[in-house]
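A quick write-up on the structure given underneath.
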Amino acid sequence: MVIVLAADATESDVEAIVDRVVNAGGEAFVSRGVSRVIVGLVGDVDRFETLNFGAMPGVHSVTRISAKYKLVSLEHRQERSTVYVRGVPIGPDTVTLIAGPCAVETPEQTLEAARMAQAAGATLLRGGAFKPRSSPYAFQGLGELGLRILADVRDETGLPVVTEVVSAQDVEMVARYADMLQIGTRNMQNFGLLQAVGEAGKPVLLKRGMSASIEEWLMAAEYVAQRGNLDIVLCERGIRTFETATRNTLDISAVPVVQGLSHLPVMIDPSHSGGRRDLVLPLSRAAIAVGADGVLVDVHPHPEQALCDGPQALVADDLRILQRSLEDLAGVLGRGVPSWRSRRAA
Ligand code: PEP
Ligand code: MN
């Protein structure tokens, strides 16, 4: 159930609603939008319906949400959300480029990749310190050392850092270094991890499970939101199909489908979907044309030496072409591209 407050509702109106929900054994999640306050109710909806929230002071409307996911549903917020990562926006008014190495390997490689990303207009740096590899013999990432490298590179370049966390017990540590916590495809239904990142106080980039339906993906987002964190960005990264010509099949239709169901921003990862450098540009163009809020791409100063996913990593020239293309498309579609000038205090 969702309660939308009137424009002139007061703080004590909000408190009275929250008290009534809590006294009924439920949980209330308060979202303060630009134009209105919305309270999401989680608990026994039949019980809530007996409590007559509609008659309380300051209440504009009460809606029973039919979707299985509530807080992340479009019914809950009714306008598309913008998530800020240290002041960098990801949302409907911008096209955000997140770029960086698949894995943090050395301080030099990470800094070089970050400089490439920044030169091409990326406003967030990606890089994995914990790598969830299919093979236990493959490079697993540098762990906390990798996080320290990322934090140093952020200090050096000013680029906020997006990095993956793979286990619930690491969340607190990763959140100390990172500006945004990434949940990878293999962990999309690791519910303990989702709850832990929901409590970590950092925005979350939630990749779609490679075999997950859109409903399962949104339910995974709900696990994060239900812990009080609505700063979630969804990322489509390709799904498993019979096709072997690409690493995964990019489900381009996921973008408008999700936008019809959820207020959360949605991005595309053309690197992990195609798995091939030559596909990153066309898939990125498709992503922006279909309405994605940005793209997340792998870059590497020396892809042939990369310890992880070299074949899909862009080099400096590719990145420049990509950014130009994103700018052109953003212009045609009436969206801005974030720059340092568009940052606002986090
Ligand atoms: C990544 O972005 O580094 C990654 C491992 O992606 P995915 O979880 O989509 O495979
Ligand atoms: Mn990778």
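Residue numbering for the sequence shown follows my numbering, starting at -9 and increasing by one per position.
Think of the CB as a built atom: it goes at the ideal place given N, C-alpha and C, for glycine as much as any other residue.
Check your understanding: Between which two residues does the alpha helix (DSSP H) harbouring Y127 extend?
Key -> If you number the sequence shown from 1, residue 127 lands on position 137. From DSSP, Y127 is part of no alpha helix (DSSP H); its letter is neither H nor E.
Check your understanding: For T113, is the beta carbon positioned less than 7 Å from some heavy atom of the ligand PEP?
Key -> As a first step, residue 113 must be located in the sequence shown, where it is residue number 123. The answer is no for T113.
Check your understanding: Would the region 94 to 106 and the region 286 to 306 be scored as touching if the rule is three or more Cβ pairs under 8 Å?
Key -> In this structure the region 94 to 106 lies against the region 286 to 306, because at least three pairs of beta carbons, one per stretch, are closer than 8 Å.
**Study point:** For C92, the nearest candidate out of D318, A303, Q313 and V322 (CA to CA)
**Key:** In the sequence shown, the residue the question calls residue 92 occupies position 102. Closest option to C92, Cα to Cα, is A303.
Check your understanding: Is it buried or exposed for T53, if we count other Cβ within 10 angstroms and need 16 for buried?
Key -> The sequence position of residue 53 within the sequence shown is 63, counting from 1. Exposed, because fewer than 16 other Cβ atoms sit within 10 Å of the Cβ of T53.
Check your understanding: Are L87 and L271 touching if we call contact CB-CB under 8 Å?
Key -> Taking the first residue of the sequence shown as 1, we reach residue 87 at position 97. Taking the first residue of the sequence shown as 1, we reach residue 271 at position 281. No, Cβ-Cβ distance for L87 and L271 is not below 8 Å.
Point to revise | Residue from R237, Y59 and G117 with nearest C-alpha to A141 | key: Mapped onto the sequence shown, residue 141 falls at position 151. With distances taken between Cα atoms, A141 lies closest to G117.
Exercise for review: In the DSSP assignment, find the alpha helix (DSSP H) that holds P79 and state where it starts and stops.
Suggested key: Along the sequence shown, read from residue 1 onward, the residue named residue 79 stands at position 89. Premise fails: P79 lies in the beta strand (DSSP E), V78 to I80, not in any alpha helix (DSSP H).
Check your understanding: Quick one: complete alpha helix (DSSP H) runs, 4+ long, within the region 1 to 46?
Key -> The region 1 to 46 contains these whole alpha helix (DSSP H) runs: 1 to 13 and 35 to 39.
Practice item. Would you identify the three-state DSSP class for S157, choosing helix, strand or coil? Key: Within the sequence shown, numbered from 1, the residue matching residue 157 stands at position 167. When secondary structure is reduced to three states using DSSP, S157 falls in the coil class, being assigned neither helix nor strand.
Review point. Is the region 126 to 145 in contact with the region 195 to 204, if contact means three or more CB pairs nearer than 8 Å?
Key: Contact fails: fewer than three Cβ-Cβ distances are below 8 Å.
Review point. Does the beta-carbon distance from T248 to L224 come in below 8 Å?
Key: Translated into positions along the sequence shown, residue 248 becomes position 258. Translated into positions along the sequence shown, residue 224 becomes position 234. Thr is not the amino acid found at residue 248; the sequence shown has Val there. Closer than 8 Å, so yes.
Practice item. Have a look at A306 and C298 and give me their C-alpha separation to the nearest angstrom. Key: Here residue 306 refers to the residue found at position 316 when the sequence shown is read from its first residue. Here residue 298 refers to the residue found at position 308 when the sequence shown is read from its first residue. CA-to-CA, the gap between A306 and C298 works out to about 18 Å.
Exercise for review: Going by DSSP, name the residue or residues bridged to D288.
Suggested key: Within the sequence shown, numbered from 1, the residue matching residue 288 stands at position 298. The partner list for D288 (beta bridge, DSSP) reads G90.
Review point. Does the distance from the C-beta atom of V27 to that of L64 stay below 8 Å?
Key: Within the sequence shown, numbered from 1, the residue matching residue 27 stands at position 37. Within the sequence shown, numbered from 1, the residue matching residue 64 stands at position 74. For V27 and L64, no; Cβs fall outside 8 Å.
Point to revise | Nearest-angstrom Cα separation, counted from V156 out to M178 | key: Taking the first residue of the sequence shown as position 1, residue 178 is located at position 188. Taking the first residue of the sequence shown as position 1, residue 156 is located at position 166. C-alpha separation (whole angstroms): 10 Å.
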